[in-house]
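So for the sequence shown, my numbering puts the first residue at 83; every next one is plus one.
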Amino acid sequence: MDLRSGRLKGKMEKEVADFTSSLGFDVRIFQADIRCNQAHTTMLMEQEIIPLEIGKKILKALKELEKEGIEALKLDSAVEDIHMAVENYVTSKIGPDAGFMHTAKSRNDQVATDLKIALKEEINSIKKDLLLFIQIIIQMAEKYVDTVMVGYTHLQHAQPTTFAHHLLSHAQALKRDYERIHDSYNRMDFCPLGSAALTTTSFPINRERTAELLGFKGPMENSIDGVSSRDFIAETVFALTMLGTTLSKISEELIIWSSYEFQMVELGDEFSSTSSIMPQKKNPDVAEIVRAKTALLNGELVTILTIIKSLPQSYNRDLQEVTPHLWKATDTLHSTLNITREMLASAEFNGVRGEELARANFSAATELADLMVREGKLPFRTAHQIVGRAVSIALDKGMRAEDMDAQFLDEISQEISGNPLKIDEKIVNKALDPVEIIKSRKVVGGPAPDIVKDSIKDLKKFVDESISS
Ligand code: ARG
């Protein structure tokens, strides 16, 4: 049946049909469209809106299409979209009775429903792969609970921590990314079908039933909203882009840490490239591509938001242009997620180098100031000043943190506060030792091995519960 022949006189030029057709990316909603038609037809039969015999014929044809696959469809831009292609297929099988399938249904509610069905599946698959990522970090963290490194602020040595503590910071970000994706799934889990073009229908359809048949929590509350809104796409793509940002940050660190200057990490060769001219090179190309892919995600998000930002309410064809950006975003994120996970799993952390850097550049300074507060009963500001001066003098003299002793600190304290500190040498030494510093940070969220083990336990519980939910 030619959709245009009633109202319109002329045919669309091929160039215009190609320009306006969504068939190229409708491939992604082919299965969902069949399911949508099946549920709708079933409901129409149950509600006695269409004759049972015709409904059965429609369902039989749809089953056949399911088996034959998308190749059975005539995908010519003249048919406009997947909904018409499917309807044409059913018509080719059972004749004009196929037209009953479209009773009380519009392509407007259908496309919104199809997109949600397909996106929900995609989200479930991404969620699974994201949990695998968190599991990989847990395994790595277990291995590196006692592995010392220096933590950075402003990319300058700050305070000692462990590689496990650092890794788990990424795991917590990934956990929130997971929860955000999960939330957007739950918010989108209401079915637009039955909204029809925009104001439902006078046929006594049962929207709860189609929602149930299609695995939604229920129907969407307002039919105009049902066909107008794509915030479920924008929200999901934001959640994916945020996840991409976490992956990009992890990659950025691997790039820096695998440099000769840092030598903290060795990436697997299978995630590295070499140079066509410089034979010595081992380049972190995969991590660099991850970093760039996140820019693509940012672009998809902004494109989607920009398309929907000023549309008048209800269906506008502009919405069609959102769809390819959704799939580009899910595809980009999904491959980036899996590659980043395997790349991280291939990384070996250099514990010797980690500890060397942690001891090299006064990362114990905060603990030393804390010691003066605790043992010397000084206000923190005074202690901060004494240690700052001590570091400055030590740097001038070419001393390392471990070369500072009680006497050295006493002299500076005398000069700044008018009194020596008189802190026991042993206690000073302890405050300067990264391993001791880490052990003493037993506050919730801190790097002390026991605390990190607790947080690994909590994270494992989260993963287990998420897998079984
Ligand atoms: N191909 C369209 C889309 O992706 C389906 C809905 C078309 N509706 C319409 N009234 N032309 O949005």
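In this text, a Cβ means the ideal position worked out from N, Cα and C, and glycines have one as well.
In three-state DSSP terms, what is residue i?
{"i": "GLY381", "result": "helix"}
{"i": "TYR267", "result": "helix"}
{"i": "PRO301", "result": "strand"}
{"i": "ALA446", "result": "coil"}
{"i": "PRO242", "result": "strand"}
{"i": "GLY177", "result": "helix"}
{"i": "MET231", "result": "strand"}
{"i": "PHE272", "result": "strand"}
{"i": "SER355", "result": "strand"}
{"i": "VAL319", "result": "helix"}
{"i": "GLU95", "result": "coil"}
{"i": "LEU365", "result": "In the sequence under discussion, the amino acid at residue 365 is Asn, which differs from the Leu named in the question. The answer is strand: DSSP assigns ASN365 an E or B state."}
{"i": "VAL526", "result": "coil"}
{"i": "GLU457", "result": "coil"}
{"i": "GLU547", "result": "helix"}
{"i": "GLU343", "result": "coil"}
Would you give the residue range spanned by the alpha helix (DSSP H) that residue i belongs to?
{"i": "VAL434", "result": "433-442"}
{"i": "MET127", "result": "112-128"}
{"i": "HIS578", "result": "Beyond the ends of the chain as shown, which are 83 and 551, falls residue 578; an answer cannot be given."}
{"i": "THR195", "result": "189-225"}
{"i": "GLN496", "result": "488-499"}
{"i": "LEU157", "result": "From DSSP, LEU157 is part of no alpha helix (DSSP H); its letter is neither H nor E."}
{"i": "ASP413", "result": "404-427"}
{"i": "LYS504", "result": "First-last for LYS504: undefined, no H or E at that position."}
{"i": "LEU141", "result": "134-150"}
{"i": "LEU280", "result": "Segment: none, LEU280 is in no alpha helix (DSSP H) and carries neither H nor E."}
{"i": "ARG312", "result": "Run containing ARG312: none; DSSP gives neither H nor E here."}
{"i": "ALA293", "result": "289-295"}
{"i": "PHE107", "result": "105-108"}
Answer yes or no: the CB of residue i versus the heavy atoms of ligand 1, is any distance below 6 Å?
{"i": "ASN206", "result": "no"}
{"i": "GLN402", "result": "yes"}
{"i": "ARG435", "result": "no"}
{"i": "VAL193", "result": "yes"}
{"i": "ARG189", "result": "yes"}
{"i": "SER104", "result": "yes"}
{"i": "ASP163", "result": "yes"}
Does the contact criterion of 3 or more C-beta pairs under 8 Å hold for the region 497-512 versus the region 212-219? No contact exists between the region 497-512 and the region 212-219.
Indicate whether the contact test is met: 3 or more Cβ pairs, each with one atom in the region 97-108 and one in the region 395-415, closer than 8 Å. yes
Are at least three pairs of beta-carbons, each pair with one atom in the region 270-282 and one in the region 302-311, less than 8 Å apart? yes
Does the pairing of the region 414-421 with the region 309-327 give three or more beta-carbon distances under 8 Å? Flag = yes, the region 414-421 and the region 309-327 touch.
Any contact of the region 280-287 with the region 237-253, i.e. 3+ C-beta pairs under 8 Å? no
Taking three-plus beta-carbon pairs below 8 Å as touching, is the region 91-99 in contact with the region 144-156? With the rule of 3 Cβ pairs closer than 8 Å, the region 91-99 does not count as touching the region 144-156.
Would you call the region 523-541 in contact with the region 463-471, where contact means no fewer than 3 C-beta pairs closer than 8 Å? no
Quick one: any contact between the region 177-195 and the region 126-135, if contact means 3 or more CB pairs under 8 Å? yes
Does the region 193-211 come into contact with the region 109-122, if we say contact requires no fewer than three beta-carbon pairs (one atom in each stretch) closer than 8 Å? yes
Take every Cβ of the region 127-143, pair it with every Cβ of the region 220-231, and state whether three or more of those distances are shorter than 8 Å. Counting Cβ pairs under 8 Å, fewer than three are found: no touch.
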